[in-house]
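The structure under discussion appears below in the form of C-alpha coordinates.
Below, the structure is given as C-alpha coordinates:
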(Lines of atoms letter the chains of each structure in order from A; the text may use other names.)
(Lines give C-alpha, C1' and ligand atoms only; values in the text may rest on other atoms or scores of the structure.)
Protein backbone atom coordinates (compact mmCIF):
# COMPACT_ATOMS: atom_id res chain seq x y z
CA UNK A 101 0.00 0.00 0.00
CA UNK A 102 1.40 3.40 -1.03
CA UNK A 103 0.69 6.17 1.46
CA UNK A 104 0.57 9.83 0.44
CA UNK A 105 -0.12 12.92 2.55
CA UNK A 106 -2.40 15.43 0.83
CA UNK A 107 -3.28 18.98 1.84
CA UNK A 108 -6.15 21.24 0.81
CA UNK A 109 -8.35 24.00 2.15
CA UNK A 110 -11.31 22.86 4.30
CA UNK A 111 -13.74 24.31 1.77
CA UNK A 112 -16.53 23.10 -0.52
CA UNK A 113 -14.31 22.69 -3.61
CA UNK A 114 -12.63 19.72 -1.97
CA UNK A 115 -15.69 17.57 -1.20
CA UNK A 116 -14.81 15.21 -4.11
CA UNK A 117 -11.48 14.45 -2.39
CA UNK A 118 -13.05 14.03 1.05
CA UNK A 119 -15.79 11.72 -0.27
CA UNK A 120 -13.33 9.57 -2.25
CA UNK A 121 -11.03 9.20 0.78
CA UNK A 122 -13.88 8.43 3.21
CA UNK A 123 -15.39 5.87 0.82
CA UNK A 124 -12.05 4.07 0.31
CA UNK A 125 -12.09 4.81 -3.43
CA UNK A 126 -8.29 4.63 -3.73
CA UNK A 127 -7.88 1.18 -2.17
CA UNK A 128 -8.19 -0.62 -5.51
CA UNK A 129 -5.12 1.37 -6.66
CA UNK A 130 -3.20 0.25 -3.58
CA UNK A 131 -3.15 3.84 -2.34
CA UNK A 132 -3.96 5.30 1.06
CA UNK A 133 -4.38 9.08 1.25
CA UNK A 134 -4.11 11.01 4.50
CA UNK A 135 -5.89 14.38 4.20
CA UNK A 136 -4.75 17.49 6.12
CA UNK A 137 -6.89 20.63 6.30
CA UNK A 138 -4.76 23.63 5.38
CA UNK A 139 -6.59 26.65 6.79
CA UNK A 140 -3.67 28.89 5.77
CA UNK A 141 -4.41 28.15 2.12
CA UNK A 142 -1.97 28.05 -0.77
CA UNK A 143 0.91 29.70 1.12
CA UNK A 144 0.74 27.03 3.84
CA UNK A 145 0.62 24.22 1.24
CA UNK A 146 3.65 25.58 -0.62
CA UNK A 147 5.56 25.47 2.68
CA UNK A 148 4.25 21.92 3.27
CA UNK A 149 5.50 20.72 -0.14
CA UNK A 150 8.81 22.43 0.51
CA UNK A 151 9.25 20.81 3.93
CA UNK A 152 7.91 17.41 2.79
CA UNK A 153 5.12 17.47 5.40
CA UNK A 154 2.67 16.91 2.51
CA UNK A 155 3.22 15.04 -0.77
CA UNK A 156 0.25 16.34 -2.78
CA UNK A 157 -1.52 19.70 -2.61
CA UNK A 158 -4.78 21.03 -4.05
CA UNK A 159 -4.02 24.71 -4.37
CA UNK A 160 -4.45 27.93 -6.31
CA UNK A 161 -3.03 27.98 -9.83
CA UNK A 162 -1.30 31.36 -9.56
CA UNK A 163 0.29 30.57 -6.18
CA UNK A 164 1.85 27.23 -7.12
CA UNK A 165 2.92 28.52 -10.56
CA UNK A 166 4.86 31.35 -8.94
CA UNK A 167 6.36 29.08 -6.28
CA UNK A 168 7.63 26.53 -8.82
CA UNK A 169 9.11 29.23 -11.06
CA UNK A 170 10.85 30.61 -7.98
CA UNK A 171 12.44 27.23 -7.32
CA UNK A 172 9.96 25.05 -5.40
CA UNK A 173 10.72 21.37 -6.16
CA UNK A 174 7.21 20.44 -7.32
CA UNK A 175 5.27 19.63 -10.49
CA UNK A 176 1.68 20.27 -11.56
CA UNK A 177 -0.19 16.99 -12.15
CA UNK A 178 -3.39 18.43 -13.56
CA UNK A 179 -6.05 21.13 -13.31
CA UNK A 180 -8.52 20.34 -10.51
CA UNK A 181 -11.17 23.09 -10.91
CA UNK A 182 -11.41 24.34 -14.49
CA UNK A 183 -13.67 27.35 -13.87
CA UNK A 184 -12.42 30.68 -12.44
CA UNK A 185 -12.50 31.41 -8.72
CA UNK A 186 -14.80 34.18 -7.53
CA UNK A 187 -12.86 36.20 -4.94
CA UNK A 188 -14.78 38.50 -2.64
CA UNK A 189 -13.13 41.80 -1.73
CA UNK A 190 -14.08 42.40 1.90
CA UNK A 191 -13.82 45.60 3.93
CA UNK A 192 -14.69 46.66 7.51
CA UNK A 193 -18.35 47.10 8.41
CA UNK A 194 -17.74 50.62 9.80
CA UNK A 195 -18.14 52.33 6.37
CA UNK A 196 -14.60 53.79 6.48
CA UNK A 197 -14.19 52.23 3.01
CA UNK A 198 -17.15 53.17 0.83
CA UNK A 199 -15.78 52.60 -2.66
CA UNK A 200 -12.85 50.87 -4.35
CA UNK A 201 -10.76 54.04 -4.66
CA UNK A 202 -10.76 54.33 -0.84
CA UNK A 203 -8.60 51.16 -0.75
CA UNK A 204 -5.81 52.68 -2.85
CA UNK A 205 -2.64 52.67 -0.70
CA UNK A 206 -4.39 50.92 2.21
CA UNK A 207 -3.43 47.61 3.88
CA UNK A 208 -4.65 44.21 2.67
CA UNK A 209 -4.84 41.24 5.02
CA UNK A 210 -3.22 38.15 3.44
CA UNK A 211 -2.94 34.60 4.74
CA UNK A 212 0.73 34.21 3.76
CA UNK A 213 3.25 35.70 1.36
CA UNK A 214 2.67 34.11 -2.06
CA UNK A 215 -0.89 33.04 -1.21
CA UNK A 216 -3.91 33.69 -3.40
CA UNK A 217 -5.09 36.48 -1.07
CA UNK A 218 -1.69 38.12 -1.66
CA UNK A 219 -1.43 37.63 -5.43
CA UNK A 220 -5.04 38.58 -6.14
CA UNK A 221 -4.55 41.89 -4.32
CA UNK A 222 -1.96 42.70 -7.00
CA UNK A 223 -4.39 41.58 -9.74
CA UNK A 224 -7.14 43.83 -8.34
CA UNK A 225 -4.74 46.78 -7.89
CA UNK A 226 -3.61 46.42 -11.49
CA UNK A 227 -7.23 46.34 -12.70
CA UNK A 228 -7.88 49.57 -10.77
CA UNK A 229 -4.62 51.13 -12.12
CA UNK A 230 -3.23 51.71 -8.62
CA UNK A 231 0.50 52.06 -8.04
CA UNK A 232 1.55 48.51 -7.09
CA UNK A 233 4.47 49.87 -5.05
CA UNK A 234 2.03 51.43 -2.57
CA UNK A 235 0.33 48.11 -1.70
CA UNK A 236 0.68 47.20 1.98
CA UNK A 237 0.14 43.74 3.46
CA UNK A 238 -0.53 42.28 6.88
CA UNK A 239 0.07 38.50 7.17
CA UNK A 240 -2.82 37.07 9.20
CA UNK A 241 -2.62 33.27 8.71
CA UNK A 242 -6.13 32.37 7.58
CA UNK A 243 -9.68 33.55 6.94
CA UNK A 244 -10.33 34.11 10.67
CA UNK A 245 -7.21 36.25 10.90
CA UNK A 246 -8.42 38.26 7.92
CA UNK A 247 -11.82 38.98 9.48
CA UNK A 248 -10.14 39.87 12.80
CA UNK A 249 -7.76 42.28 11.01
CA UNK A 250 -10.70 44.08 9.34
CA UNK A 251 -12.49 44.42 12.68
CA UNK A 252 -9.46 45.66 14.59
CA UNK A 253 -8.05 48.29 12.24
CA UNK A 254 -5.18 46.01 11.15
CA UNK A 255 -6.32 45.93 7.50
CA UNK A 256 -8.82 47.70 5.29
CA UNK A 257 -9.15 45.07 2.54
CA UNK A 258 -9.22 41.26 2.48
CA UNK A 259 -9.63 38.94 -0.51
CA UNK A 260 -11.02 35.43 0.03
CA UNK A 261 -13.25 33.01 -1.85
CA UNK A 262 -16.68 34.67 -1.86
CA UNK A 263 -18.84 31.74 -0.76
CA UNK A 264 -16.52 30.71 2.09
CA UNK A 265 -16.77 34.18 3.60
CA UNK A 266 -20.52 34.63 3.01
CA UNK A 267 -21.42 33.53 6.59
CA UNK A 268 -19.16 36.31 7.95
CA UNK A 269 -20.86 38.85 5.66
CA UNK A 270 -24.30 37.58 6.79
CA UNK A 271 -23.23 37.89 10.46
CA UNK A 272 -22.15 41.51 9.90
CA UNK A 273 -18.46 40.81 10.56
CA UNK A 274 -17.36 42.32 7.23
CA UNK A 275 -18.82 43.84 4.05
CA UNK A 276 -18.50 42.50 0.52
CA UNK A 277 -17.40 45.50 -1.55
CA UNK A 278 -16.53 43.88 -4.87
CA UNK A 279 -15.63 40.62 -6.64
CA UNK A 280 -12.63 39.55 -8.70
CA UNK A 281 -12.58 36.55 -11.06
CA UNK A 282 -9.34 34.73 -11.83
CA UNK A 283 -8.76 34.75 -15.61
CA UNK A 284 -7.65 31.08 -15.54
CA UNK A 285 -8.66 27.67 -14.05
CA UNK A 286 -8.50 28.26 -10.32
CA UNK A 287 -7.24 25.08 -8.61
CA UNK A 288 -4.57 22.58 -9.62
CA UNK A 289 -3.13 19.41 -8.11
CA UNK A 290 0.61 19.60 -7.45
CA UNK A 291 3.03 17.02 -6.12
CA UNK A 292 6.59 16.99 -4.77
CA UNK A 293 8.99 16.60 -7.72
CA UNK A 294 10.64 13.50 -6.27
CA UNK A 295 7.26 11.70 -6.08
CA UNK A 296 6.26 12.95 -9.52
CA UNK A 297 9.27 11.23 -11.06
CA UNK A 298 8.80 7.98 -9.13
CA UNK A 299 4.97 7.63 -9.11
CA UNK A 300 3.53 9.77 -11.91
CA UNK A 301 1.27 7.15 -13.52
CA UNK A 302 -0.13 6.05 -10.14
CA UNK A 303 -0.75 9.66 -9.13
CA UNK A 304 -2.57 10.30 -12.41
CA UNK A 305 -4.83 7.32 -11.57
CA UNK A 306 -5.55 8.95 -8.18
CA UNK A 307 -6.53 12.15 -10.02
CA UNK A 308 -8.87 10.18 -12.32
CA UNK A 309 -10.73 8.75 -9.29
CA UNK A 310 -11.28 12.27 -7.93
CA UNK A 311 -12.40 13.58 -11.33
CA UNK A 312 -15.06 10.84 -11.48
CA UNK A 313 -16.31 11.75 -8.00
CA UNK A 314 -16.40 15.45 -8.96
CA UNK A 315 -18.46 14.60 -12.05
CA UNK A 316 -20.86 12.51 -9.94
CA UNK A 317 -21.32 15.33 -7.41
CA UNK A 318 -21.81 17.95 -10.10
CA UNK A 319 -24.67 15.96 -11.66
CA UNK A 320 -26.27 14.54 -8.50
CA UNK A 321 -29.76 15.96 -7.90
CA UNK A 322 -29.24 16.54 -4.15
CA UNK A 323 -25.54 17.50 -4.19
CA UNK A 324 -26.28 21.12 -3.12
CA UNK A 325 -27.73 19.71 0.12
CA UNK A 326 -24.54 17.69 0.73
CA UNK A 327 -22.28 20.70 0.22
CA UNK A 328 -24.51 22.99 2.30
CA UNK A 329 -24.66 20.55 5.23
CA UNK A 330 -20.96 19.67 5.16
CA UNK A 331 -19.66 23.24 4.93
CA UNK A 332 -22.41 25.13 6.81
CA UNK A 333 -23.38 27.22 3.78
CA UNK A 334 -26.87 28.38 2.74
CA UNK A 335 -28.22 25.94 0.16
CA UNK A 336 -29.32 28.76 -2.16
CA UNK A 337 -25.74 30.05 -2.33
CA UNK A 338 -24.40 26.54 -2.87
CA UNK A 339 -26.74 26.10 -5.84
CA UNK A 340 -25.47 29.39 -7.30
CA UNK A 341 -21.85 28.32 -6.72
CA UNK A 342 -22.43 24.85 -8.21
CA UNK A 343 -23.97 26.36 -11.34
CA UNK A 344 -20.81 28.37 -12.04
CA UNK A 345 -18.25 25.74 -10.97
CA UNK A 346 -16.76 23.11 -13.27
CA UNK A 347 -14.19 20.65 -12.04
CA UNK A 348 -11.85 19.08 -14.56
CA UNK A 349 -13.54 15.82 -15.53
CA UNK A 350 -10.62 14.30 -17.43
CA UNK A 351 -9.27 16.93 -19.80
CA UNK A 352 -5.50 17.09 -20.18
CA UNK A 353 -3.63 20.21 -19.11
CA UNK A 354 -3.95 23.12 -21.55
CA UNK A 355 -0.57 24.85 -21.37
CA UNK A 356 -2.08 28.04 -22.82
CA UNK A 357 -3.97 28.61 -19.54
CA UNK A 358 -0.67 28.60 -17.68
CA UNK A 359 0.89 30.92 -20.23
CA UNK A 360 -1.71 33.52 -19.12
CA UNK A 361 -0.74 33.01 -15.47
CA UNK A 362 2.98 33.38 -16.22
CA UNK A 363 2.33 36.56 -18.27
CA UNK A 364 0.26 38.05 -15.45
CA UNK A 365 2.89 37.23 -12.83
CA UNK A 366 5.52 38.89 -15.04
CA UNK A 367 3.35 41.98 -15.60
CA UNK A 368 2.83 42.33 -11.86
CA UNK A 369 6.56 41.99 -11.16
CA UNK A 370 5.93 38.87 -9.05
CA UNK A 371 8.42 36.77 -11.03
CA UNK A 372 11.49 37.74 -13.08
CA UNK A 373 12.11 37.17 -16.80
CA UNK A 374 14.75 34.65 -15.82
CA UNK A 375 12.31 32.69 -13.64
CA UNK A 376 9.71 32.68 -16.43
CA UNK A 377 12.15 31.24 -18.95
CA UNK A 378 11.31 27.62 -19.90
CA UNK A 379 8.20 27.72 -17.71
CA UNK A 380 6.47 24.73 -19.35
CA UNK A 381 9.33 22.39 -18.55
CA UNK A 382 9.53 23.72 -15.00
CA UNK A 383 5.79 23.39 -14.29
CA UNK A 384 5.06 20.04 -15.95
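In our numbering, the protein residues as written are 101 to 384. Where is the CB? At the ideal position from N, CA and C, for every residue including glycine.
Boundaries of the alpha helix (DSSP H) in which residue i is found, first to last residue
| i | result |
| --- | --- |
| residue 132 | Not the alpha helix (DSSP H): residue 132 falls in the beta strand (DSSP E), residues 131-137. |
| residue 245 | 243-251 |
| residue 240 | Run containing residue 240: none; DSSP gives neither H nor E here. |
| residue 327 | 323-331 |
| residue 115 | 115-122 |
| residue 374 | 373-376 |
| residue 147 | 141-151 |
| residue 339 | 335-344 |
DSSP three-state assignment for residue i, whether helix, strand or coil
| i | result |
| --- | --- |
| residue 365 | helix |
| residue 108 | strand |
| residue 310 | helix |
| residue 288 | strand |
| residue 157 | strand |
| residue 205 | coil |
| residue 258 | strand |
| residue 353 | coil |
| residue 229 | coil |
| residue 191 | strand |
| residue 293 | helix |
| residue 103 | strand |
| residue 197 | coil |
C-alpha gap between residue i and residue j, whole angstroms
| i | j | result |
| --- | --- | --- |
| residue 172 | residue 361 | 17 Å |
| residue 305 | residue 129 | 8 Å |
| residue 380 | residue 355 | 7 Å |
| residue 107 | residue 140 | 11 Å |
| residue 115 | residue 318 | 11 Å |
| residue 300 | residue 110 | 26 Å |
| residue 247 | residue 264 | 12 Å |
| residue 193 | residue 209 | 15 Å |
| residue 273 | residue 351 | 40 Å |
| residue 322 | residue 348 | 20 Å |
| residue 154 | residue 367 | 31 Å |
| residue 43 | residue 233 | Only positions 101 to 384 of the chain appear in the structure, and residue 43 is not among them; the question remains open. |
| residue 289 | residue 213 | 20 Å |
| residue 357 | residue 372 | 19 Å |
| residue 369 | residue 316 | 40 Å |
| residue 181 | residue 157 | 13 Å |
| residue 308 | residue 120 | 11 Å |
| residue 331 | residue 287 | 18 Å |
Environment of residue i [buried if 16+ CB atoms lie within 10 Å]
| i | result |
| --- | --- |
| residue 244 | exposed |
| residue 284 | buried |
| residue 365 | buried |
| residue 125 | buried |
| residue 320 | exposed |
| residue 314 | buried |
| residue 260 | buried |
| residue 65 | Here the chain comprises residues numbered 101 to 384, so residue 65 is not present and cannot be evaluated. |
| residue 117 | buried |
| residue 229 | exposed |
| residue 101 | exposed |
| residue 73 | With the chain running from 101 to 384 in the structure shown, residue 73 is simply not present. |
| residue 190 | buried |
| residue 297 | exposed |
| residue 257 | buried |
| residue 292 | buried |
| residue 211 | buried |
| residue 262 | buried |
| residue 195 | exposed |
| residue 224 | buried |
| residue 227 | exposed |
Span of the beta strand (DSSP E) around residue i
| i | result |
| --- | --- |
| residue 174 | 174-181 |
| residue 279 | 275-281 |
| residue 381 | Note, residue 381: premise wrong, no beta strand (DSSP E); alpha helix (DSSP H) at 379-383. |
Validate contact between the segment 119-136 and the segment 160-174 using beta carbons, cut 8 Å, 3 pairs: Output reads no: the segment 160-174 does not touch the segment 119-136.
So, do the segment 363-377 and the segment 176-193 have three or more beta carbon pairs nearer to each other than 8 Å? Cβ pair count under 8 Å is below three, so no.
Would you call the segment 229-246 and the segment 136-147 touching, i.e. three or more CB-CB distances under 8 Å? yes
Would you check if the segment 215-227 and the segment 147-154 touch, i.e. whether three or more CB-CB distances between them fall below 8 Å? no
Do the segment 326-345 and the segment 181-190 make contact, defined as three or more Cβ pairs closer than 8 Å? With contact defined as three or more Cβ pairs closer than 8 Å, the segment 326-345 and the segment 181-190 are in contact.
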